[in-house]
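Peer 1: Residue numbers (our numbering), protein chains in the order written: chain A, 1 to 368; chain B, 1001 to 1368.
Number of protein chains: 2
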Amino acid sequence: MSGPRYTPLVASLPATVPFVGPETQERSRGRRFKARLGANESLFGPSPKAVAAMAEAAAEVWMYGDPENHELRAALARHHGCAPSNIVVGEGIDGLLGYLVRMLVAPGDAVVTSDGAYPTFNFHVAGFGGVLHKAPYRGDHEDPEALLARVRETGARLVYLANPDNPMGSHHPAATIRAMIEALPEGVLLILDEAYVDLAPEGVAPEIEADDPRVIRMRTFSKGYGMAGLRVGYAIAAPGLVAGFDKVRNHFGVGRIAQAGAMAALQDQPWLAEVQRRVEEARAELGRIARANGLTPLASATNFVTIDCGGDGAFARAVLQALIARDIFVRMPFVAPHDRCIRVSCGGPAELAAFAAALPEALAEVRG
Amino acid sequence: MSGPRYTPLVASLPATVPFVGPETQERSRGRRFKARLGANESLFGPSPKAVAAMAEAAAEVWMYGDPENHELRAALARHHGCAPSNIVVGEGIDGLLGYLVRMLVAPGDAVVTSDGAYPTFNFHVAGFGGVLHKAPYRGDHEDPEALLARVRETGARLVYLANPDNPMGSHHPAATIRAMIEALPEGVLLILDEAYVDLAPEGVAPEIEADDPRVIRMRTFSKGYGMAGLRVGYAIAAPGLVAGFDKVRNHFGVGRIAQAGAMAALQDQPWLAEVQRRVEEARAELGRIARANGLTPLASATNFVTIDCGGDGAFARAVLQALIARDIFVRMPFVAPHDRCIRVSCGGPAELAAFAAALPEALAEVRG
Chain A
1 MSGPRYTPLV ASLPATVPFV GPETQERSRG RRFKARLGAN ESLFGPSPKA VAAMAEAAAE
61 VWMYGDPENH ELRAALARHH GCAPSNIVVG EGIDGLLGYL VRMLVAPGDA VVTSDGAYPT
121 FNFHVAGFGG VLHKAPYRGD HEDPEALLAR VRETGARLVY LANPDNPMGS HHPAATIRAM
181 IEALPEGVLL ILDEAYVDLA PEGVAPEIEA DDPRVIRMRT FSKGYGMAGL RVGYAIAAPG
241 LVAGFDKVRN HFGVGRIAQA GAMAALQDQP WLAEVQRRVE EARAELGRIA RANGLTPLAS
301 ATNFVTIDCG GDGAFARAVL QALIARDIFV RMPFVAPHDR CIRVSCGGPA ELAAFAAALP
361 EALAEVRG
Chain B
1001 MSGPRYTPLV ASLPATVPFV GPETQERSRG RRFKARLGAN ESLFGPSPKA VAAMAEAAAE
1061 VWMYGDPENH ELRAALARHH GCAPSNIVVG EGIDGLLGYL VRMLVAPGDA VVTSDGAYPT
1121 FNFHVAGFGG VLHKAPYRGD HEDPEALLAR VRETGARLVY LANPDNPMGS HHPAATIRAM
1181 IEALPEGVLL ILDEAYVDLA PEGVAPEIEA DDPRVIRMRT FSKGYGMAGL RVGYAIAAPG
1241 LVAGFDKVRN HFGVGRIAQA GAMAALQDQP WLAEVQRRVE EARAELGRIA RANGLTPLAS
1301 ATNFVTIDCG GDGAFARAVL QALIARDIFV RMPFVAPHDR CIRVSCGGPA ELAAFAAALP
1361 EALAEVRG
């Protein structure tokens, strides 16, 4: 008896996983982490009002969620000053990226991203047979000019840019993004991943007409709103593109607790402001810790700080491992020259103190 | 400025939706339903222990869920007497069906199902360009012989069967399913959708070696466990097929509250037994109500009763509309001759009383 026959495309895919979770590491280490600073989760947590709404919704979870996400889309539309027909809600940005790539990328189609940018986007492009073309960062920034050049060279109709960027934490001002949109060749769609924009300074999110067919903006409740484990993201785009998701999406994929939590979180903007304040403090503290150890913190418009360890990739990887051995979960960029850095999420005083205690020991061990 | 270019496959898909949610109907009616008996949700709700676990997990939802679903898979493996490598957890059976079809169905590939069976499976097959071949039911049962004949005729490598069946509520004994598996041509995979099996009598779920490469069994926390709005399903299959899901799935798609709720529900088997008891009572009561109105309830191995209205599709549709007009949410089979029926979910005394009050009025209206 033989197993099933995979499609040629799926048979050709590697069995890799975009990210190994901290729980997997904890299991193999046989020990919990003391500080969970590797996945850019919000250690400040969700709004207490959202926690209450989710707890209340738990008793009603026997009902499917509304497959149209009607109330949440209406609230998001009010929040962004657009129409509900400009909003699609999905299972995190990851889920929405998967649907979008499926809608737009046929086998062999060229797609452009930055070398070292979000691996899960690459996972989806490869998963639907797209051909990735990568533009280098310019220093620690994704490079709109280089991305546009790759688009023109390859004839790609889809280009990905995150602003602010992950894993470097850098950002472009709104005007740079606006200029990139104006320079897109006819028929090219920009995926503007704004997962971290809730934590960026004023002036990072550009004004974009929601009906503009050239851009789809991705937003999430995972970062600023502190609900990574709830799996709710949304996109803002022209109504035609939003309607296209209905052809492929898992219509009941956003459940009732997720809808209730996202709605309550959106309505508690004071909590988001409080998180922004705490993130700013934590970024400053992470900077102090880095400098106190002779390392260089990069400027961050996100809820993490990328720290230049001052050596090569092997050196930073050794620092990372030495931190992990001291029960500090952190991650690092995958690609040179960014892999000279480690990436540390913002946290409260206890987690940052644990990091501050472990870092000099880790550096001492690695420096011999 | 033009919009993005869809893949030829996605461009060819209709913008249809498998199911219209009751909330959509409530919005267009401007009025809530009194009894939500149309989506085969469990009106008896989830285990109170699961509700408590979800409420507790809400405060921890700032963390992503474990992308390997390690603890839940281990618990499910213990529950079913197989290995964790035999279990894949996903965003409901709907989500898992989408991944599976993507893995196995290339454009033009033949796929076999029953005419009138689960529309969301058909949605996925069409969505990946598969060609559906349908076998008729035999009476009110899906027909393994006819399905196998269609498999042989079309060279399909994938065949879907639900046991118990939705929308008819019928079932085959385990031996019939076993015989079907033994008769599958080499290399053909049976998707055995057991969404309702937790509510079926003993002897419906066949013994299947978890490593058997001929079958993938789909299970869910939506029906017996009463958590449709949580979006947790799982499949039991050979380790190679389970591992294949890692190539395409949304690795962080099952969140932290979902994992906690499913785990607690699985551990509260007495609650499932209590639900089974209440479902049995409700089925009997729905049968009495149907017969008291001159209608014929079909035997059910599920948490709903399909009621033969004794006329044609137009008659049953009119009864359905008359019930909806009286604030009773029910659905009905899509395809003749099954569309002579309406399908009513089990509920508690209040919902069944509301149905019992509305049905004679609805019939009187339709019969003129």
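Every residue gets a Cβ at the ideal spot worked out from N, C-alpha and C, and that includes glycine. Keep in mind the model is a prediction, meaning the values are calculated, not measured.
(1) Please identify the residue among B/Glu1281, B/Ala1228, B/Cys1341 and B/Ile1328 whose C-alpha is closest to the C-alpha of B/Leu965.
(2) Find the residues of chain B that neighbour A/Gly311, judging by a C-beta separation of less than 8 Å, and give them in chain order.
(3) Cβ of A/Ile257 within 8 Å of Cβ of B/Leu1230?
(4) Starting from the C-beta of B/Ile1348, find all residues in its chain whose C-beta is less than 8 Å away, skip the five residues before and the five after it, and write them out in chain order.
(5) I'd like to know whether the C-beta of A/Met103 is nearer than 8 Å to at least one C-beta of chain B.
(6) Just the chain A side, please: which residues come within less than 7 Å of B/Asn1250 by C-beta, in chain order?
(7) Short check: CB of A/Arg102 to CB of A/Val248, under 8 Å?
(8) Can you confirm whether B/Ala1117, when its beta carbon is compared against all beta carbons of chain A, has any partner nearer than 8 Å?
(9) Between B/Ala1228 and A/Gly368, what straight-line distance do the alpha-carbon atoms span, to the nearest angstrom?
(10) Going by C-alpha distance, which of A/Ala106, A/Pro164 and A/Leu97 is nearest A/Ser300?
(11) State yes or no: is the beta carbon of A/Tyr196 nearer than 8 Å to at least one beta carbon in chain B?
(12) Within a Cβ cutoff of 7 Å, which residues of the same chain sit near A/Val89, ignoring the five residues on either side of it in sequence?
(13) Look at A/Ser252 and A/Pro4 and say whether their C-beta atoms are less than 8 Å apart.
(14) Closest to A/Glu153 by CA distance: which of A/Leu184, A/Ala265 and A/Leu352 is it?
(15) Expressed to the nearest angstrom, what Euclidean distance is found between the alpha-carbon atoms of B/Ser1313 and B/Leu1363?
(16) Let me make sure I understand the geometry here. Which of B/Ala1077, B/Ile1093, B/Thr1176 and B/Asn1250 has the alpha-carbon closest to that of B/Asn1086?
(17) Ordered along the chain, which non-local residues of its own chain (more than five positions away) have a Cβ less than 6 Å from that of B/Tyr1196?
(18) So the candidates are B/His1133, B/Gln1276, B/Gly1287 and B/Ala1262; which of them puts its Cα closest to the Cα of B/Ala1075?
(19) DSSP has B/Lys1134 in a bridge; who is on the other side?
(20) Determine the burial state of B/Ala1273: buried for a count of at least 16 other Cβ atoms within 10 Å of its Cβ, exposed for fewer.
(21) Quick check: the Cα distance between A/Val112 and A/His141, rounded to an integer number of angstroms?
(22) Can you name the residues that DSSP bridges to A/Thr296?
(23) Using DSSP's beta-bridge definition, name the partner residues of A/Ile93.
(24) Work out the CA separation of B/Gly1116 and B/Gly1226 for me, nearest whole Å.
(25) Is the beta carbon of A/Val305 less than 8 Å from the beta carbon of A/Gly287?
(26) Leaving aside the five residues before and after B/Val1344 along the sequence, list all residues of the same chain whose C-beta is less than 7 Å from its C-beta, in chain order.
(27) Tell me whether A/Tyr160 sits in a helix, a strand or coil according to DSSP, three-state version.
(28) Is the CB of A/Thr296 under 8 Å away from at least one CB in chain B?
(29) Could you have a look at A/Asp193 and say whether DSSP puts it in helix, strand or coil?
(30) Mind checking whether A/Asp339 and A/Ala318 have CB atoms under 8 Å apart?
(31) Which residues does DSSP list as the beta-bridge partners of A/Ile236?
(32) Which residues in chain B have a C-beta closer than 9 Å to the C-beta of A/Val406? List them in chain order.
(33) Is the CB of B/Tyr1064 under 8 Å away from at least one CB in chain A?
(34) For A/Ala39, name the three-state secondary structure that DSSP assigns.
(35) Could you tell me whether the Cβ of A/Glu186 comes closer than 8 Å to any Cβ of chain B?
(36) Which stretch, first to last residue, makes up the alpha helix (DSSP H) that contains A/Ser28?
Peer 2: Looking at the atomic coordinates:
(1) Not covered by the structure: residue 965 of chain B. The range shown for chain B is 1001 to 1368.
(2) Per Cβ cutoff of 8 Å: no residues; A/Gly311 is ~30 Å from chain B at best.
(3) yes
(4) The sequence shown places Gly at residue 1348 of chain B, not Ile. Within the same chain, B/Gly1348 has close Cβ partners Leu1043, Phe1044, Arg1278 and Ala1282.
(5) yes
(6) Glu91, Asp94, Gly95 and Gly98
(7) yes
(8) no
(9) 55 Å
(10) A/Pro164
(11) no
(12) Asn69, Leu72, Arg73, Val232, Tyr234 and Val254
(13) Note that residue 252 of chain A corresponds to Phe in the displayed sequence, not to Ser. Not a contact, by the Cβ cut-off of 8 Å.
(14) A/Leu184
(15) Note that residue 1313 of chain B corresponds to Gly in the displayed sequence, not to Ser. Cα to Cα, B/Gly1313 sits roughly 14 Å from B/Leu1363.
(16) B/Ala1077
(17) Pro1164, Lys1223 and Thr1302
(18) B/Ala1262
(19) B/Thr1113
(20) exposed
(21) 16 Å
(22) A/Asp308
(23) A/Ile93 is not bridged to any residue.
(24) 25 Å
(25) yes
(26) Leu1037, Leu1286, Phe1304, Val1305, Ile1307, Val1330 and Phe1355
(27) strand
(28) no
(29) strand
(30) no
(31) A/Ile87 and A/Arg217
(32) This structure does not reach residue 406 of chain A, given that chain A is present from 1 up to 368, and the question cannot be answered.
(33) yes
(34) coil
(35) yes
(36) Pro22 to Arg29
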